[in-house]
Structures are given as C-alpha cells and as structure tokens.
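**Q**
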Amino acid sequence: MEILCSREDFLTGVNTVQRAVPTKNTLPILQGIKLKASDNKLWFEATDLELSIRCYLPVTIHGEGEVVLPAKLFSEIVRKLPDSDLKIVSDDHNVNIYYNNSNFAVNGFDPEEFPEIAEITSEDPIVLPSALFKDMIKQTIFACAVDESRPVFTGLLLHIDKENILLIATDTHRLAFTSSVIPGNEKEFKGIIPAKTMNEIYRLLDDEEVLTIKYNKSRVIFEFGSVQILTRLIEGQFPNYKQVIPQSCNTKILVDGKKFLDTVERASLLSRDNYLKTNTVRFSVENSAIIINQHSEMGKISEQIEIEQEGEDFTISFNAKYITDVLKVINTEQVIMEASGSYSPVVFRPVSDDSYLYLALPLRN
Amino acid sequence: MGQLYQAISEVEENIAKLLNEVRSLKQYVEYLEEENVKLKRQLCAVSEADTARVQKNAARIQKEAQENLEKLYNEGFHVCHIYFGEPLEGSCLFCNAFLRKD
Ligand SMILES: [Zn+2]
Chain A
1 MEILCSREDF LTGVNTVQRA VPTKNTLPIL QGIKLKASDN KLWFEATDLE
51 LSIRCYLPVT IHGEGEVVLP AKLFSEIVRK LPDSDLKIVS DDHNVNIYYN
101 NSNFAVNGFD PEEFPEIAEI TSEDPIVLPS ALFKDMIKQT IFACAVDESR
151 PVFTGLLLHI DKENILLIAT DTHRLAFTSS VIPGNEKEFK GIIPAKTMNE
201 IYRLLDDEEV LTIKYNKSRV IFEFGSVQIL TRLIEGQFPN YKQVIPQSCN
251 TKILVDGKKF LDTVERASLL SRDNYLKTNT VRFSVENSAI IINQHSEMGK
301 ISEQIEIEQE GEDFTISFNA KYITDVLKVI NTEQVIMEAS GSYSPVVFRP
351 VSDDSYLYLA LPLRN
Chain B
1001 MGQLYQAISE VEENIAKLLN EVRSLKQYVE YLEEENVKLK RQLCAVSEAD
1051 TARVQKNAAR IQKEAQENLE KLYNEGFHVC HIYFGEPLEG SCLFCNAFLR
1101 KD
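Taken in order, these protein sequences are the chains called A and B. Per our numbering, the first sequence starts with residue 1, numbered consecutively. Per our numbering, the second sequence starts with residue 1001, numbered consecutively.
See below:
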C-alpha cells in the first residue's frame, strides 16, 4: 500500500472512526483502525463488533492494500504530526509515515485478523433529511438508561411506519418521545438502536446531508456523505410506552422555559448530594407562580417565576437534571407542564406542538 | 260400506291419538314455562343476594391486592411487569402507570 494525502484529511478519517474502537479490553485486533486503499479511496474502519464506523477519503493511490494500526498510538501520532502532506507506505503489517524529511514507523496487526463487517444489501432503503433525524436524537437520547442491566433501555426505539417516524427513549424514571414525518416514505422499520450508535450519528451527521437507512432483522446501516455507521439492534421488547403517558392532569401551567431552566440550575447549586449523586430541586406551584425556597448548609435561594396556572396548587421535588435536560431541548419559548399532585409524573411539552413530549417522575420524599 | 266405516274409525283413532299427543305436549310446554319462570325468579334471587356479596368480595380482594402492591412499591420494589419484585431505585414510570390504572 502506498498513498498520498494531507495530514488534515488523515486526521478527519481517524477522528471519524475512532469512537468505534472499544474502550474495554477485548480482542487485541479490535484495538486497531483498519486502513484500506483501493479505487482511489482510502477507507478507515473500526469496530467493537456492536458498532462499526467506516469512512473514506479520496486520495492518490500508488499501491493498493490494507493495514491495521493500533488506534491509540496511531491517532496520537497523526494529531502530533506537522501540517503537511503525508506519504504512507506499508511494509507487510507495518506502516511508514513520511512527512517533511522525516519518517515514523508503526507496527501494525495482521489485517486478515480484522473482522469483516458484513454488508446489508437493501434495494429499497429509507431516505430522510439529516437535520430532522439529528433533531429527533437530540430531543430524546438523554432519557436513555446508562445502567446496562436492562439492555432495551440503553437504546432508543426507532419506529418508522410509512410517513411517520417516532423515536422514544426511557430509563424507567423518565421518558422522551418525538415524532415527525418523512413525506412519501412507504417503508417500515422498528428496532432498538443503541444510544452509543445514536450518539455517533449525532456527532458525525451534517445538517445538509441526506441520511440513508438500510436494515435487516438484526442490524442497521446509517449512511451519509462518506460515512457508514453499522450497528447491531438491541434484542428484546421495548415496553409499551403509551401506558405511562398520563391522559389527564390536575394542574396545567405555562412557563418561560429559559427562565425556569436558569432558576433550576441556580437552585441545584445548593443541593449537591454527594451520596445520591443527584441535585434535588423542590418547588411549589401556587397563585400563578413557581416558587423555590431552598437552603442547605451551603446557602439559601428564594426565587419566584410568574406563570399561567390552571388547576390546583402543588409542591414537588425533582432530580434537577430531569428538568434541565428537557428544558434545554424544547425549542419553544413557553413550555407546558402538566402535573397531578406531588407524586405523579409531570409532562413537559412545547407550546402548540404535539410532536414532542417528555415526562418524568418526581422524587418521593 | 263396512270398509268406509272402518277407514273413518281409523282416522278418528289417529286424530284422538294426535290430540292426546298435543295435549301432553301442551302440558309439557306449560311445565317448561313454569320451570323457566321459577328458574328466572331463582336466578334473580341469587343475583340480588349474592351478586353484591361477590362484588364486595372481589372489590375487597382487589383493594387488598392494590394496597399490597402499593406497599411493595413504597417499600422499594418494582410491581411492574418489567422488573416485578426487583429492588427499585427511586421510582418507576411503569410501576406508577400500573398502580394508577387499577
Ligand atoms: Zn417498575
């Protein structure tokens, strides 16, 4: 293999695929990034067997071939190289990087050992605008579970049914739901996509691009620009999320989302609970105002926000993050909150927009 | 003449037999109707007295079950079908929905 390319392009390739390199100890070969030169394209590839990322750069190829280089060392080298043109030449499993009048040799792995990433050939993929999908990920992904004891909650349910597209995430304490429309789509897909995959799609997806989704029963490929993200679907049944959405409420309020976000963030500064690792915020809704009076050994905060209130007064406690996460992603200035007392889930929605909904359970104390 | 007389006698006999059958059928229908009314009355009697008792019992069992589930949830265990019986960390939307619905 012998190729010519700029250091900047090379760094882009490495950065694109590097997050698929497993962080935990696994097969040594998976700690590598595969480079493959063919057809005037240099392909970068990394996989943890669940998630694989692949991308290509147009480069000048003097000799085709493939190598696998240790990801960590290789990316550090590329980062620290001077900004110049590079010549990369492989010699058996090893690679020589020539820059200016210098040369860095890296010992690689046997490319034969690198797992083949199986293709999904789909004649009839789903095509949708990237900006729409990115927005949907942003509005839901934070509600996924971090704890891996129930894998279905570490993913997002993606349900495409003809023109309707839904994305739902829950960690059982809170749930985020968003829906949109793909005009003209006639295909159907339902599967649980790992949050890690969605994160990478969100990170790499350009608003201007078109996203193509190819799928079979167990795996999905997301393609955009020169990038391909392949993922295994999470096995198992996503629970019936509709049953947890309250159909009525005792109090409905309309609040300025930004003001409420700032207040909750200030109040949570006083309530760092190092034991529970959560910041508790407690507030009352009464006489068309949200009132926070919170104190700890660190200090005291008293704030009041004017709201529109319909229905009874109540006092409620939340993990502050459950409120700030959603207020950061609701796009409208005013936010609707629907509550039924101190212990029932509170629903958050943007004003006059049924496509998004979030609900969270208060703390019981 | 003798032959005709005999034929008419046979018809008369047949008609008498049929009439007898009709009469006994009529009695049977009467009996069934009476039985039906009696059963209906009995059924109503059962309903009024026992339906309330059965319903009350069912409500009590339901209430006890609900209270037990609520107690279990408040003591820190899941009662939803996803995690049933497992220790609860904080709260659970599915438990909450399950308890709310009942
Ligand atoms: Zn539960």
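Ideal Cβ placement from N, Cα and C applies to all residues, glycine included. All values reported here derive from a predicted model rather than from experimental measurement.
Spatial neighbours of aspartate 83/A within its chain, please: CB distance less than 6 Å, with the 5 preceding and 5 following residues excluded, ordered by chain position.
**A** Excluding residues within five positions, the ones whose Cβ falls inside 6 Å are Arg7.
**Q** Let me know if leucine 1093/B comes out buried or exposed under the rule of 16 or more other beta-carbons within 10 Å of its beta-carbon.
**A** Classification of leucine 1093/B: buried, given that the 10 Å Cβ count is 16 or more.
**Q** With glycine 13/A and leucine 69/A assumed to form a contact (beta carbons below 8 Å), what rounded beta-carbon distance in angstroms separates them?
**A** Contact doesn't hold; Cβ gap of about 12 Å is too wide.
**Q** Would you tell me roughly how many angstroms separate the C-alpha atoms of phenylalanine 10/A and histidine 93/A, rounded to the nearest one?
**A** Cα to Cα, phenylalanine 10/A sits roughly 19 Å from histidine 93/A.
**Q** Could I get the ranges of all uninterrupted alpha helix (DSSP H) runs contained in the stretch 40 to 114 of chain A, with 4 residues as the minimum, in chain order?
**A** Listed in chain order, they are 71 to 80.
**Q** Which ranges would you report for the alpha helix (DSSP H) in the stretch 180 to 264 of chain A if only whole runs of at least 4 residues count?
**A** With a minimum length of 4 residues, the continuous alpha helix (DSSP H) runs that stay inside the stretch 180 to 264 of chain A are 195 to 204.
**Q** How would you write the range of the alpha helix (DSSP H) that cysteine 1044/B sits in, first residue to last?
**A** Element bounds for cysteine 1044/B: 1002 to 1046.
**Q** Quick one: list the residues of chain B neighbouring proline 151/A, beta-carbon separation under 8 Å, in chain order.
**A** Within chain B, no residue comes near proline 151/A; the closest Cβ sits about 12 Å away, beyond 8 Å.
**Q** Rounded to a whole number of angstroms, what is the C-alpha to C-alpha distance between aspartate 1102/B and alanine 1059/B?
**A** A caution first: aspartate 1102/B carries a pLDDT of 43, below 50, which makes its placement in the model unreliable, though a value can still be read off. Cα to Cα, aspartate 1102/B sits roughly 11 Å from alanine 1059/B.
**Q** Between phenylalanine 133/A and cysteine 144/A, which are expected to be in contact by the criterion C-beta below 8 Å, what is the C-beta distance as a whole number of angstroms?
**A** Actually they are not in contact, since the Cβ atoms of phenylalanine 133/A and cysteine 144/A sit about 16 Å apart, beyond 8 Å.
**Q** What's the C-alpha gap between phenylalanine 104/A and histidine 62/A?
**A** If I take the Cα positions, the gap works out to 19 Å.
**Q** Can you tell me the Cα-Cα spacing of leucine 156/A and valine 255/A, whole angstroms?
**A** Approximately 28 Å between the Cα atoms of the pair.
**Q** Could you compute how far the alpha carbon of proline 22/A sits from the alpha carbon of aspartate 91/A?
**A** For proline 22/A and aspartate 91/A, the distance between alpha carbons rounds to 26 Å.
**Q** Within the 7 Å Cβ cut-off, does valine 347/A reach chain B?
**A** No, its Cβ sits nowhere closer than 7 Å to a Cβ of chain B.
**Q** My output table needs one value for isoleucine 301/A: the three-state DSSP class, helix, strand or coil.
**A** It is a strand residue.
**Q** For a contact defined as C-beta to C-beta under 9 Å, what are the partners of leucine 361/A on chain B?
**A** The contacting residues are Gly1090, Ser1091, Cys1092, Leu1093, Asn1096.
**Q** Which residue from Leu269/A, Pro194/A, Lys214/A, Gln334/A puts its Cα closest to that of leucine 258/A?
**A** According to the sequence as given, residue 258/A is lysine; it is not leucine. When each option's Cα is compared against that of lysine 258/A, the closest is Gln334/A.
**Q** Give the DSSP-derived three-state secondary structure of serine 342/A in the structure shown.
**A** In this structure, serine 342/A counts as coil in the three-state DSSP scheme.
**Q** Using a Cβ cut-off of 7 Å (strictly closer), state whether threonine 386/A contacts chain B.
**A** The structure shown has nothing for residue 386/A, since chain A only spans 1 to 365.
**Q** Run through DSSP, which three-state label would glycine 32/A get?
**A** Note: glycine 32/A maps to strand in three-state DSSP.
**Q** Does DSSP put aspartate 1102/B in a helix, a strand or coil?
**A** Unreliable positioning characterises aspartate 1102/B in this predicted model, as indicated by a pLDDT of 43, which lies under 50. The coordinate reading is nonetheless provided below. Residue state, collapsed to three classes: coil.
**Q** Closest Cβ-Cβ distance between proline 367/A and chain B: below 7 Å?
**A** Absent from the model: residue 367/A. The displayed extent of chain A is 1 to 365, so no value can be given.
**Q** Just the C-alpha distance for proline 129/A and lysine 321/A, rounded to the nearest angstrom, thanks.
**A** Those two C-alpha atoms are separated by around 30 Å.
**Q** Around the C-beta of alanine 176/A, are 16 or more other C-beta atoms found within 10 angstroms, so that it is buried, or is it exposed?
**A** Counting Cβ neighbours within 10 Å, alanine 176/A comes out buried, since at least 16 surround it.
**Q** What residues from chain A crowd round asparagine 1082/B, counting only those whose CB sits closer than 8 Å?
**A** Residue identity differs from the one stated: residue 1082/B is isoleucine in this sequence, not asparagine. What isoleucine 1082/B touches in chain A: Arg150, Thr172, Pro239.
**Q** Locate the alpha helix (DSSP H) running through serine 130/A, then write down its first and last residues.
**A** Unbroken alpha helix (DSSP H) run through serine 130/A: 130 to 140.
**Q** Measuring only the C-alpha atoms, how far is glutamate 1035/B from asparagine 250/A?
**A** Rounded to whole angstroms, glutamate 1035/B to asparagine 250/A spans 55 Å at the Cα level.
**Q** Hey, quick one: how far does the beta strand (DSSP E) through leucine 4/A stretch, first residue to last?
**A** Unbroken beta strand (DSSP E) run through leucine 4/A: 2 to 6.
**Q** If you measure from the beta carbon of glutamine 228/A to each beta carbon in chain B, is any gap under 7 Å?
**A** Cβ-Cβ to chain B under 7 Å: no for glutamine 228/A.
**Q** Is the closest heavy atom of ligand 1 to the C-beta of histidine 93/A under 6 Å?
**A** No, the Cβ of histidine 93/A stays beyond 6 Å of every heavy atom of ligand 1.
**Q** Tell me which residue opens and which closes the beta strand (DSSP E) that tyrosine 358/A is part of.
**A** Element bounds for tyrosine 358/A: 356 to 360.
**Q** Are the stretch 222 to 240 of chain A and the stretch 335 to 342 of chain A touching, with three or more C-beta to C-beta distances below 8 Å?
**A** As far as the Cβ criterion goes, the stretch 222 to 240 of chain A does not touch the stretch 335 to 342 of chain A, which means the pair count is below three.
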